[in-house]
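S.K.: Just passing along the structure, written as C-alpha cells.
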Amino acid sequence: MRIALLLLFSFLFYHMGFSQAFTITDLSSLSDLLSFEKNKSSTFDPYSDFDGTPYLNDDFVPGEVIVNDSIRIEDVPLRYNIYSDRIEFRNEHEQVLEIDHSKQEFDFDFGGHLFTIQDYLDHGESKRGILELMVDGHIRLYKRYLIDLKPATKAIGYQEAQPNRFTRQDDEYLVAEGQGIPEIFRKQKDLLEKLKEIKPDIDQYAKNQKLKLKTDKGLIQLIQHCNN
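Numbering (mature numbering (1 follows the signal peptide of the UniProt record, and there is no 0)), first residue to last: -21 to -1, 1 to 207.
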C-alpha cells in the first residue's frame, strides 16, 4: 500500500508540474508521503519537566500543508517547535511526527501564520530554516522566531535549583527583493538603507508615520509602502 501511494505521488508530481495544486483530505496520505525525524505518542512530552515551552503555541491547530507547490493536504493538526525549528503534526493514530524538511519543499498555513522553508542570509552566511511570511510582493517581509534553552542549575547556598527552561528571544526580521534570498536586518539603519534603493523617501515616510520598526505592525506598514 505504501509503495502504491508513493508511485501515485510520483505520477502526480510529474503531471502537475504545470498545473494547479492537487488537494488531499486524507490525513493518512501525509504520513505515507513525508519522512520524519521523531515519532512519539501524543501523551509523551519530552519537555514536561522544563519551564516554559519550545512551541509557538502548545496546542495543535488544523491547517494546510503544501508539498513542492504541487500537493495541498488540508485539515492537518500542526504546531511549530521553535527550538527544534520543525513543524510537528499529529496523525490519525495520535502520534506526533516531526517533519523532516530537508528533502522536499513545504509551506504551512495554520493559526493565522504562513510558514515557509527558506534559505536566508545571516551576516552573509547562508542558512536554512522556517520563516513566517509577513508581507508578500516584490519586497517580502519574513519573521524568524527564536528561543533559548537555559540548562538546569543545582541548588547553591540559598539559591534553589532551577530546571531546564525555555526563554523566548526577540524575533528577527528578514527582507527579500524579487527572487532574492531573505536577509536578516538587525539594525533599523541598515534596513532603511536597503529600502532606499526602492523608495528614496523611506526615511521620511517612517518618521512621518511614527513607525516602530521593531514591531510587526510598523514593519508590515513599511514594506507595504515599498510595494505600492
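Where is the CB? At the ideal position from N, CA and C, for every residue including glycine. None of these values were measured; they are calculated from a predicted model.
Could you tell me the distance, in whole angstroms, from the CA atom of HIS72 to the CA atom of ILE50?
M.R.: 22 Å
S.K.: Pop quiz: ARG123 and ASP150 are said to be a contact at Cβ under 8 Å. What is the actual Cβ separation, rounded to whole angstroms?
M.R.: 7 Å
S.K.: Could you give the DSSP three-state label for HIS92: helix, strand or coil?
M.R.: strand
S.K.: Just mark THR194 as buried or exposed, buried being the case when its beta carbon has 16 or more other beta carbons within 10 Å.
M.R.: exposed
S.K.: Any idea if GLY103 is buried or exposed, counting beta-carbon neighbours within 10 angstroms, 16 or more meaning buried?
M.R.: exposed
S.K.: Pull up the distance between the alpha-carbon of LYS191 and that of ILE135, whole angstroms please.
M.R.: 42 Å
S.K.: Closer than 6 Å by C-beta to PHE89: which residues in its own chain qualify, once you throw out the five before and the five after it? Chain order, please.
M.R.: Correct list, in chain order: VAL40, GLY42 and LEU57.
S.K.: Output the distance between the C-alpha atoms of GLU111 and THR95, rounded to the nearest integer angstrom.
M.R.: Using only the alpha carbons, I get a separation of about 6 Å.
S.K.: Quick one: is LEU128 buried, meaning 16 or more other Cβ sit within 10 Å of its Cβ, or exposed?
M.R.: exposed
S.K.: Which word fits LEU198, buried or exposed, when buried means at least 16 other C-beta atoms lie within 10 angstroms of its C-beta?
M.R.: buried
S.K.: Give a yes or no on whether the C-beta atoms belonging to ALA185 and LEU171 are separated by under 8 Å.
M.R.: yes
S.K.: For ILE109, does the three-state DSSP call read helix, strand or coil?
M.R.: ILE109 falls in the strand class under three-state DSSP.
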